[in-house]
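K.L.:
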Ligand code: IPM
Ligand code: MG
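In this note's numbering, the protein residues as written are 26 to 385.
Structural data, given as structure tokens:
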């Protein structure tokens, strides 16, 4: 967090595809709110083109020194490859997560009241959904030993007690916070694993269970990941906080995002130890098919900027303002193409940004 009275230093990583458009829109929004010192850097495919690697040491160092990092999206068909030795844009993202120690990924899913009709689920099923996926982000199969020997390949999933403990605490604490701010309901953590098959999952379940006593105000239950995938679409409103390991969290957070009817609406925060800078980014990808057309939905990036203000910069009131402005723009009927229903008029990135700025 920046010293009191000083403008926060934000590293912007627009990335690839629609990334530059939505980050430019978010920058406009932040500039309307207050004073920030922005520093724009390359990460992802654009960095591969310029430097041959997705993340340079220099950019990583700049991110670690900043008060927060706001990211657009990385990747695109231009850099898709199965060659294990070729650089990939995603390596930049994984390098940032590991290099900045961002072990806790928070992905809140709260369908905007104006968009309930956009959900693929029936309105009565989606009504009342307000959940948070807390995904472990620097361990598991994403970072274990991997390789190829002849016609065989392997990836390894490994977790230590300490890694499970800190992410479980992040989950319990989030549930506690949400209960305090919510309408008096008790917080609940649903820990998701595959303890009937995987040893790492059995350790996961053991460690999460061992912490429950420290959070008597939070209910804890456990679900196997396949069952969790099913419950998420059949009774999404009953979830509060879902805590899970890296790969399961990747999959379940996309599934949760789809509950809202548009991946274009979902923000995320990736956090490390208290006081260290966090990384904030929309959950959606770089959408290369619509890049440069001026029709990208900037709302997930706006909501990510709100999470940055709340979780990264200690400015919750401004975060509330952004979230309320987004809700009002949607209520006023504005829809980017990804949100527009059959025959509904849609607006582009600029018009949506303008509308949110007006509502601010
Ligand atoms: C995400 C993305 C990344 C992940 C990719 C781009 C490496 O899917 O943030 O969910 O798998 O973590
Ligand atoms: Mg993903």
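We put the CB at the ideal spot given by N, CA and C, even for glycine.
Is the beta carbon of residue 36 sitting closer than 8 Å to the one on residue 64?
P.N.:
Yes, they are a contact pair.
K.L.:
With a CB to CB cut of under 8 Å and the five nearest residues on each side skipped, what residues in its chain are close to residue 45?
P.N.:
Within the same chain, residue 45 has close Cβ partners 39 and 97.
K.L.:
Go ahead and label residue 298 buried or exposed: buried means 16 or more other beta carbons lie within 10 angstroms of its beta carbon, across all protein chains shown.
P.N.:
When all chains shown are included, residue 298 counts as exposed.
K.L.:
By the DSSP assignment, the alpha helix (DSSP H) with residue 331 in it spans what residues?
P.N.:
Taken as a continuous stretch (DSSP letters only), the alpha helix (DSSP H) holding residue 331 covers 324–332.
K.L.:
Go ahead and pull the three-state DSSP assignment for residue 352.
P.N.:
Reduced to three states, the DSSP call for residue 352 is helix.
K.L.:
Could you tell me whether the Cβ atoms of residue 329 and residue 292 are closer together than 8 Å?
P.N.:
Contact flag set, yes.
K.L.:
Could you check the C-alpha separation between residue 123 and residue 163 for me, to the nearest Å?
P.N.:
If you take the alpha carbons of residue 123 and residue 163, they lie about 6 Å apart.
K.L.:
Should the segment 111–126 be regarded as contacting the segment 72–90, the criterion being three or more beta carbon pairs within less than 8 Å?
P.N.:
They touch, by the three-pair rule.
K.L.:
Ignore the nearest five residues each way along the sequence and tell me which others in residue 358's own chain have a CB closer than 7 Å to its CB.
P.N.:
Same-chain partners within the cutoff: there are none.
K.L.:
How would you write the range of the alpha helix (DSSP H) that residue 76 sits in, first residue to last?
P.N.:
Residue 76 -> alpha helix (DSSP H) spans 70–76.
K.L.:
Kindly list the residues whose CB is nearer than 6 Å to the CB of residue 334, restricted to its own chain and excluding five residues on each side of it in sequence; keep chain order.
P.N.:
Within the same chain, residue 334 has close Cβ partners 340, 343 and 344.
K.L.:
Using only the alpha-carbon positions, how far apart do residue 253 and residue 31 sit?
P.N.:
Between residue 253 and residue 31, the C-alpha separation is close to 44 Å.
K.L.:
Under a Cβ-count criterion, where at least 16 other Cβ atoms within 10 Å of its own Cβ denotes burial, should residue 52 be classed as buried or exposed?
P.N.:
So residue 52 ends up on the buried side.
K.L.:
Buried or exposed, going by whether 16 or more other CB atoms sit within 10 Å of the CB of residue 235?
P.N.:
With fewer than 16 Cβ atoms within 10 Å of its Cβ, residue 235 is classed as exposed.
K.L.:
Could you give the DSSP three-state label for residue 203: helix, strand or coil?
P.N.:
In this structure, residue 203 counts as helix in the three-state DSSP scheme.
K.L.:
For residue 138, which option in 371, 378 and 356 has the closest C-alpha, if you only look at C-alpha atoms?
P.N.:
Nearest option by C-alpha distance: 356.
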